[in-house]
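Chemist:
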Amino acid sequence: MAPGETSSLQLPSFLHGTYRSIQQKTRMEGLRCAEQYKKDGVFSAPSQMLEVRLDDVVLTQGVADFQHERPVWRLYMVSDVMSALWEALDSQNSIVVRDAYEAFFRGTAWGALYFALEQMGPVSAPRTAQRLQAVLRFWEPLQSVRYLFKTLGTELSLEDLMKASSGWAMDAWCPVGEASVRSRLEVAAERMARATRDECIEAIFRQLPQALAHAGKLKHRQILADPAYQRERLATLDSRFFERVSAARTGDLIWLLVNWDHELGLQ
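The sequence shown lines up with residues 1 to 267 when you count with this note's numbering.
1. From this set, Phe115, Lys38, Ala172, which residue's C-alpha is nearest threonine 60's C-alpha?
2. With a CB to CB cut of under 6 Å and the five nearest residues on each side skipped, what residues in its chain are close to phenylalanine 104?
3. Would you mind sorting leucine 256 into buried or exposed? The rule is 16 or more other CB atoms within 10 Å of its CB.
4. Are the CB atoms of valine 123 and alanine 247 within a distance shorter than 8 Å?
5. By the three-class DSSP mapping on this structure, what secondary structure does glutamine 72 have?
6. Since valine 135 is in the alpha helix (DSSP H), which residue starts that stretch and which ends it?
7. Rounded to whole angstroms, what is the Cα-Cα separation between glutamine 67 and tryptophan 139?
8. Which runs of the alpha helix (DSSP H) fall wholly inside the stretch 189 to 238 and span at least 4 residues, in chain order?
9. Is the beta carbon of arginine 74 closer than 8 Å to that of aspartate 65?
10. Classify arginine 146 as helix, strand or coil using the three-state DSSP reduction.
11. Mapping the DSSP letters down to three states, classify glycine 30 as helix, strand or coil.
12. Give me the residue from Gly41, Ala45, Arg233, Phe242 with the minimum Cα distance to aspartate 261.
13. Can you check whether the CB of proline 141 is closer than 8 Å to the CB of serine 21?
14. Taking valine 57 as the reference, give the member of Leu158, Thr236, Thr128 with the closest Cα.
15. Can you give me the Cβ contacts of glutamate 186 inside the same chain, cut-off strictly under 7 Å, excluding the 5 residues immediately before and after it?
16. May I have the straight-line CA-CA distance separating alanine 213 from glycine 107, to the nearest angstrom?
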């Protein structure tokens, strides 16, 4: 454990309370961040942090939040902070501001987990590696509590949470499944961080069957499932499109397959 790091998890006070109260507090936090960014071009830590009790549950996705009057931790509402920030900085490039906000708060346990789970993107393999490595740095405090992800009432450990949200990364970049979730994430992040284009293509190739299985209606599914066709198309992607799918995230690969399917329909 790094010097000064505790084994308990601390979250900003603006993420605890009823849904309505958090809406108000996160908007105020977004405006605070905007004022500082306008003045100094940087961000600073929230003014008040609270320790999460061992019997508390942290909600990480809005789809599992049906009791809005219940005072709980709502990590997913960091998105409200960012919305207020963008609104207040409407003259700024939203992508630049988003990236700056993420870069700063990825250095906190709560920020690291939020950006790893939210998977704002599309993003490159190196950016995904940064997100996973940030979670790994705060593994001990993040492991001290339980989480709700996308299923109501199902409390998850950190290991189960990361498997549910980032299992695709482990499957694509560390397909050997006998090791622990933490170990596989470490290997996956390390490989993503230094991956060549060819290594990214191999990771994408491993995940394309999973993407095909979840892609819904495709008019040319048989052609898209052909490994030779897949390799040919991956090899010809320009740098901008390739960066978008280089992490091999399932959702980004579905987007790629839909684009290929549309192009086949135009031929």
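Where is the CB? At the ideal position from N, CA and C, for every residue including glycine.
Small disclaimer: the values here were computed from a predicted structure and weren't measured.
Modeler: Let's see:
1. Within the sequence shown, numbered from 1, the residue matching residue 60 stands at position 60. Measuring from the Cα of threonine 60, the nearest candidate turns out to be Phe115.
2. The count along the sequence shown starts at 1 and reaches residue 104 at position 104. Contacts found: Phe43.
3. Residue numbering aside, residue 256 sits at position 256 when the sequence shown is read from its first letter. Leucine 256 comes out buried.
4. The residue labelled residue 247 in the question sits at position 247 within the sequence shown. The residue labelled residue 123 in the question sits at position 123 within the sequence shown. A contact, by the Cβ cut-off of 8 Å.
5. Against the sequence shown, residue 72 aligns to sequence position 72. At residue 72 the sequence reads valine, which differs from the glutamine that was named. Strand.
6. Residue 135 sits at position 135 when you count from the first residue of the sequence shown. It spans 125 to 137 - the alpha helix (DSSP H) in which valine 135 sits, taken as one unbroken run.
7. For the purposes of this step, residue 67 is taken as the residue at position 67 of the sequence shown. For the purposes of this step, residue 139 is taken as the residue at position 139 of the sequence shown. Cα to Cα, the separation comes out at about 28 Å.
8. 197 to 213, 221 to 224, 227 to 235
9. The residue labelled residue 65 in the question sits at position 65 within the sequence shown. The residue labelled residue 74 in the question sits at position 74 within the sequence shown. Yes, these two residues count as a Cβ contact at 8 Å.
10. Counted from its first residue, the sequence shown places residue 146 at position 146. Three-state DSSP puts arginine 146 in a strand.
11. Your numbering for residue 30 matches position 30 in the sequence shown. The answer is helix: DSSP assigns glycine 30 an H, G or I state.
12. Numbered from its first residue, the sequence shown carries residue 261 at position 261. The candidate whose alpha carbon is nearest that of aspartate 261 is Arg233.
13. Residue 21 sits at position 21 when you count from the first residue of the sequence shown. Residue 141 sits at position 141 when you count from the first residue of the sequence shown. No. Outside cutoff.
14. Within the sequence shown, the letter at position 57 stands for residue 57. Closest option to valine 57, Cα to Cα, is Leu158.
15. Your numbering for residue 186 matches position 186 in the sequence shown. Correct list, in chain order: Leu136.
16. Taking the sequence shown and counting its residues from 1, one reaches residue 213 at position 213. Taking the sequence shown and counting its residues from 1, one reaches residue 107 at position 107. In a straight line, the C-alpha of alanine 213 is about 36 Å away from that of glycine 107.
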